[in-house]
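Here numbering that gives the first Met the number 0 is used: the first residue of the sequence shown is 0, the next is one more, and so on.
Ideal placement from N, C-alpha and C gives every residue a C-beta, glycine not left out.
Take a look at the structure set out below.
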Amino acid sequence: MVRQVTAFSNATVKRLRSLREKKARRAEGLFLAEGLRIIAEARDSGQLPEIIAFSPEGAKHPLAAEIIAQAEAAGADAVETTADILAKMSGKDNPQMLLGAYRQPDTSLDRIDRSTADLWIVAQALRDPGNLGTILRTGDAAGAGGLILIDDCVDPFSVEAVRASMGALFTQQIATARWDEFIAWLRSGEGQLVGTSLKATDDYLDSKYERPCFLLIGNEQQGLPADYEAACDLLVKIPMAGRADSLNAAMATAVMAFAIRSSWR
0 MVRQVTAFSN
10 ATVKRLRSLR
20 EKKARRAEGL
30 FLAEGLRIIA
40 EARDSGQLPE
50 IIAFSPEGAK
60 HPLAAEIIAQ
70 AEAAGADAVE
80 TTADILAKMS
90 GKDNPQMLLG
100 AYRQPDTSLD
110 RIDRSTADLW
120 IVAQALRDPG
130 NLGTILRTGD
140 AAGAGGLILI
150 DDCVDPFSVE
160 AVRASMGALF
170 TQQIATARWD
180 EFIAWLRSGE
190 GQLVGTSLKA
200 TDDYLDSKYE
210 RPCFLLIGNE
220 QQGLPADYEA
230 ACDLLVKIPM
240 AGRADSLNAA
250 MATAVMAFAI
260 RSSWR
């Protein structure tokens, strides 16, 4: 049954608001997603929220009403509230009229089945949630199986990363691992590790990519550590025709992912 909540002091409001913080997300095992487009993407990927909050206006949209009903039927806590309270939950002055709290998936590396996709994206020490979300969206667009986060990366379940992924968080597998753990796992089966580096001599358009291909992208400021580059099976560069010496991490991922896909045609 839908509950109406009109007080900022309500326990559910406080709980959802707390999920903007990494500590609370870890403790609860939940994360926030907002907006009809992202929540519909989640539903279409087989995932419904455990808590769904919405304004009366938001519930008027036929698709939103359908998802709210499905979530409630599956046991979700359905909460009708005001735009002001939704803003408090999401941290946005102009909030979306639909917000859901989802169970975080298991991000252990052992859950990744490399045989399910030809392309996987690996990001090392990524710091910007916008980049992470965009890389997830790029992976979805390029048909990658998922994103493996190496070392200390920004939380993929932060509100900013989820927002930037535009729903791709629900279509891409996500794993987290330390470098040594990842390399041991990678070398236990098939897979070509491809890194990008300004010091590489091989042009990304002239290189041969094998399947499955693991595309390794480095930290936004530092790039890949030297020993990580040395561990790659192939190191390539994207030549710069202008004054810029490199591309943004998310942009480089997109260029590489589609170049790899194109080479297999």
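Is the distance from the Cβ of I216 to the Cβ of I111 below 9 Å?
For I216 and I111, no; Cβs fall outside 9 Å.
Count Cβ pairs between the segment 32-51 and the segment 164-173 that sit closer than 8 Å; are there 3 or more?
yes
Please classify D92: does DSSP put it in a helix, a strand, or coil?
coil
Is the segment 113-132 close to the segment 217-225, with three or more CB pairs under 8 Å?
yes
CB of V121 within 9 Å of CB of L146, strictly:
Contact: yes.
List the whole-angstrom C-beta distance separating A265 from A70, where the pair is believed to meet the contact cut-off of C-beta under 8 Å.
Nothing about residue 265 can be read from this structure; the chain reaches only from 0 to 264.
Taking only the alpha-carbon atoms, compute the straight-line gap between V158 and S114 and give it to the nearest angstrom.
31 Å
Could you check which residue in F156, A41, A52 has the C-alpha nearest to that of K22?
F156
Beta-carbon proximity of T175 to L148, cut-off 9 Å:
yes
Range of the contiguous beta strand (DSSP E) that encloses T170
Looking at the DSSP string, T170 is not in any beta strand (DSSP E), and its letter there is neither H nor E.
Do V161 and E79 come within 9 Å of each other at the CB atom, strictly closer than that value?
Between E79 and V161, the C-beta spacing is not below 9 Å.
Is Q103 closer than 9 Å to D210 when the C-beta atoms are compared?
First, the amino acid is wrong: residue 210 is Arg here, not Asp. Cβ distance not < 9 Å, so R210 and Q103 don't count as in contact.
Measuring straight from C-alpha to C-alpha, what distance separates A72 and P48?
11 Å
At 4 residues or longer, and completely inside the segment 197-221: list those alpha helix (DSSP H) runs for me, N to C.
none
With respect to 8 Å, is the separation between the Cβ of W119 and the closest non-hydrogen atom of the ligand MG below this value?
For the structure depicted, the ligand MG is absent and the ligand set is empty, with no information on it obtainable.
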